[in-house]
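Residues in the sequence shown are numbered consecutively from 129, following this note's numbering. Ideal Cβ placement from N, Cα and C applies to all residues, glycine included. All figures in this text were calculated on a predicted structure; none of them were measured in a lab. In what follows, a structure is listed as structure tokens, so that the remarks can point back to it.
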Amino acid sequence: VFLTSCTEGKKTPGESPPNIILILADDLGYDDLGIHGNQLLETPHLDQLAGESVQFTPFYVTPVCATTRASLLTGRHFLRTGVSHVHGGKDFLHLDETTVAEKLKEAGYRTGMWGKWHSGKTPGYFPWERGFDEAYMARLYVHKDNEGLLNGVKVQTKGWLTEVLTDYAIKF
Numbered sequence: 129v130f131l132t133s134c135t136e137g138k139k140t141p142g143e144s145p146p147n148i149i150l151i152l153a154d155d156l157g158y159d160d161l162g163i164h165g166n167q168l169l170e171t172p173h174l175d176q177l178a179g180e181s182v183q184f185t186p187f188y189v190t191p192v193c194a195t196t197r198a199s200l201l202t203g204r205h206f207l208r209t210g211v212s213h214v215h216g217g218k219d220f221l222h223l224d225e226t227t228v229a230e231k232l233k234e235a236g237y238r239t240g241m242w243g244k245w246h247s248g249k250t251p252g253y254f255p256w257e258r259g260f261d262e263a264y265m266a267r268l269y270v271h272k273d274n275e276g277l278l279n280g281v282k283v284q285t286k287g288w289l290t291e292v293l294t295d296y297a298i299k300f
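So, in structure tokens, the structure goes:
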């Protein structure tokens, strides 16, 4: 799960900017949710959230996670961003790309990211260097007792990663 939460934007007289929570879940299909007609699985909390939210239903994903993230982070076709696959150096978002987090910061928002980053894993590419004020970059494919980086500091978490990520986002 990749979460971006943005709060505390610039206020215009008499109006508060909206809080933004963007959720990208790997391997979750459109038809997997009850709100989209699935009668085999019960997803009441996600259905409620979706019913109270703006949904990006015309957004197209790609066959793998890193390329979808690149498109979502930049608003551009993934091949233009430098990301073409999930490993072997093909999952690094070009440094000259502008991320949605950078644009939101320009608008006065605080930004956070918790979960699977998969957009580069060396100095200059980390989420806290790409516009996020706070970021927990989880270790890939470890769903319980994860060891990741919180703003560049190694952190060992306890329990299921989805619960840890949710706690980080709520605290933020």
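Out of 206, 243 and 300, the CA that lies nearest to the CA of residue 225 is found in 206. Listed in chain order, the non-local C-beta contacts of residue 195 below 6 Å within the same chain comprise 206 and 211, local neighbours out to five positions each way being set aside. For residue 149, there is no enclosing alpha helix (DSSP H); the residue is found in the beta strand (DSSP E) stretching over 148-152. One alpha carbon belongs to residue 242, the other to residue 295, and they sit about 10 Å apart. For the pair residue 168 and residue 236, the Cα-to-Cα distance works out to about 42 Å.
Contact check for residue 264 against residue 276 passes: the beta carbons are separated by less than 8 Å. Short of 6 Å from the beta carbon of residue 154, and not among the five residues preceding or following it, lie these beta carbons of its own chain, in chain order: 193.
Judged by DSSP secondary structure, residue 263 falls within the beta strand (DSSP E) whose first and last residues are 262-265.
Within the same chain, and ignoring the five residues on either side of residue 182 in sequence, no residue has its Cβ closer than 6 Å to its Cβ. Apart from the 5 residues on each side of it in sequence, residue 239 sits with its Cβ closer than 7 Å to the Cβ of 132, 134, 229, 232, 233, 259, 260 and 261 in its chain, given in chain order.
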